[in-house]
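Asker: Note that the working numbering numbers the sequence shown so that position 259 is 298, with each residue one more than the last.
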Amino acid sequence: MKRIDLHTHSTASDGTLSPRELVRAAADAGLSALALTDHDTVDGLPEALAAGEEFGVEVIPGCELSCESDAGWMHIVGLWLPEHPSGLVEAFKWVLEGRKNRNHDIVAKLNELGIDVTYEEIAELAGGVIGRPHFARILHQKGVVETVQEAFDVYLGTGGKAYIPKRKLSPERALGLLKAEGATAVLAHPFMLEMTVDQLEAKLRELMDHGLDGIEVFYTEHTPEQVEKYGRLAEKLGLLVSGGSDFHGEVKPHISLGRGRGELDIPYELVERMKASRRDQGLPV
Ligand code: AMP
Ligand code: ZN
Ligand code: FE
Ligand code: FE
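#1: So which residues put a beta carbon under 7 Å from any heavy atom of ligand 4, going in chain order?
#2: Can we say the region 140-149 touches the region 96-115, given the rule of at least three CB pairs closer than 8 Å?
#3: Can you tell me the Cα-Cα spacing of T223 and P229, whole angstroms?
#4: Is the closest heavy atom of ligand 2 to the C-beta of S105 under 7 Å?
#5: Under three-state DSSP, which class holds H228?
#6: Going by beta carbon distance, what residues of the same chain come within less than 6 Å of H253, once the five residues before and after it are set aside?
#7: Got a sec: does ligand 2 put a non-hydrogen atom nearer than 7 Å to the Cβ of S57?
#8: Do the region 172-180 and the region 99-119 meet, that is, are 3 or more Cβ pairs less than 8 Å apart?
#9: Can you check DSSP and say which residues form a bridge with P100?
#10: According to DSSP, R42 sits in a beta bridge with which residue or residues?
#11: Rounded to the nearest angstrom, what separates P263 and T157 at their Cα positions?
#12: Can you tell me which of K275, Q265, H48, F174 puts its alpha carbon nearest to the alpha carbon of D82?
#13: In this structure, does DSSP put Y202 in helix, strand or coil?
#14: Cα separation between A65 and G153?
#15: Give, in chain order, every unbroken run of the beta strand (DSSP E) that is at least 3 residues long and sits entirely within the region 100-176.
#16: May I ask which residues mark the beginning and end of the beta strand (DSSP E) holding L279?
#17: Should T80 and A51 be called a contact, given that it needs their Cβ atoms to be closer than 8 Å?
#18: Do you know offhand how far D248's Cα is from E233's?
#19: Within 8 Å, do at least three Cβ pairs link the region 180-199 to the region 239-246?
#20: Nearest-angstrom Cα distance between G299 and I305?
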């Protein structure tokens, strides 16, 4: 069976493999198609697409948008982005500027708490976009916490001592941006919304009115029951089915590319269905 992974991160956001290394890893893992879906950036896409040619992997250019809604935070994956998604790039600049301010604020809070960290050392560790996982790694390296998870529980997580909220897009705006680029829009890891089936169905209908095309049914953290539940919802609502591991490399060592914790097995058929839907809409594949 041809297998795929439509949710992955590289060093362009908070992953630890470069886009090229990621595509090579996909080839090594025997994947036929890979979507690079870095958080709020498309910077890794040219390198990933070139590596796709080099290693014989179908690379689908994507991104993962972080949104804030009444239901809490929500992630939306866009697939088949154009070469120059200028509207998205503008929005990312706005988000990135907010993230930069936030990172400085987190450093200030940690310093206030008597923890010796500098923006420069976090930036050096991150290489690309700085996020809370990098702060967690520094706190761990410095022995401030015993585990990376403790860094989130005590300092960086919601309500933590150095928690700073993030500037985010609304799901409606994110979907509007993606549709304007001709992308296929997928609700990522629906289990994180912690909704009942009825609540999720209502939310999906609302998002579909704004252009949502699909839902991530296969995901590392989804139980077999959740896979079935989300699959049934997709069928009922006529949504496309997507699936990915959310691979991040060493920062999430328990997740392997295409395999998640070992149980993921995402068929290429999903890509075929998405492409058929795109062709029907006159969109490029
Ligand atoms: P950021 O985009 O900087 O807010 O970082 C988000 C990332 O931090 C997520 O993708 C997770 O990997 C990680 N993260 C956020 N909250 C927690 C938490 N409570 N426990 C563990 N990891 C978390
Ligand atoms: Zn991430
Ligand atoms: Fe996500
Ligand atoms: Fe992700």
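A virtual CB, placed ideally from N, CA and C, is assigned to each residue, including glycine.
Answerer: Taking the geometry as given:
#1: Residues close to ligand 4 by the beta carbon criterion (under 7 Å to any non-hydrogen atom) are, from first to last along the chain, H46, H48, T76, H78, E103, H114, A227, D285.
#2: Cβ pair count under 8 Å is below three, so no.
#3: One-based indexing of the sequence shown puts residue 223 at position 184. One-based indexing of the sequence shown puts residue 229 at position 190. When the Cα atoms are used, T223 and P229 turn out to be separated by approximately 17 Å.
#4: On the sequence shown, residue 105 is found 66 positions in, with the first residue counted as 1. Taking non-hydrogen atoms of ligand 2 into account, the C-beta of S105 is found less than 7 Å away from none of them.
#5: As a first step, residue 228 must be located in the sequence shown, where it is residue number 189. Coil at H228, not helix or strand.
#6: As a working mapping, residue 253 is identified with position 214 in the sequence shown. The question names His, but residue 253 in the sequence shown is Gly. Non-local beta-carbon contacts of G253 in its own chain, meaning distances under 6 Å to residues more than five positions away in sequence, involve V225, L278, L279, S281 in chain order.
#7: The residue given as residue 57 occupies position 18 in the sequence shown. Closer than 7 Å to some heavy atom of ligand 2: that does not describe the Cβ of S57.
#8: No, they do not touch.
#9: For the purposes of this step, residue 100 is taken as residue 61 along the sequence shown, with counting starting at 1. The partner list for P100 (beta bridge, DSSP) reads L75.
#10: Counting from 1 along the sequence shown, the entry for residue 42 is found at position 3. Note: R42 sits in a beta bridge opposite L70, P306.
#11: Along the sequence shown, one-based indexing puts residue 263 at 224. Along the sequence shown, one-based indexing puts residue 157 at 118. Per the coordinates, the alpha-carbon of P263 lies some 43 Å from the alpha-carbon of T157.
#12: Taking the first residue of the sequence shown as position 1, residue 82 is located at position 43. The residue with the shortest Cα to Cα distance from D82 is H48.
#13: For the purposes of this step, residue 202 is taken as the residue at position 163 of the sequence shown. Residue state, collapsed to three classes: coil.
#14: Indexing the sequence shown from 1 puts residue 65 at position 26. Indexing the sequence shown from 1 puts residue 153 at position 114. Inter-residue distance for A65 and G153 is about 43 Å (C-alpha atoms, whole angstroms).
#15: Here the runs fully enclosed are 111-118.
#16: Taking the sequence shown and counting its residues from 1, one reaches residue 279 at position 240. From DSSP, the beta strand (DSSP E) with L279 extends over 279-283.
#17: Stepping through the sequence shown from its first residue, residue 80 is reached at position 41. Stepping through the sequence shown from its first residue, residue 51 is reached at position 12. In this structure, A51 lies closer than 8 Å to T80 by Cβ.
#18: Residue mapping note: residue 248 aligns to position 209 of the sequence shown, counting from 1. Residue mapping note: residue 233 aligns to position 194 of the sequence shown, counting from 1. Whole-angstrom Cα-Cα distance: 21 Å.
#19: In short, these stretches do not touch, since the Cβ pair count stays below three.
#20: Along the sequence shown, one-based indexing puts residue 299 at 260. Along the sequence shown, one-based indexing puts residue 305 at 266. If you take the alpha carbons of G299 and I305, they lie about 10 Å apart.
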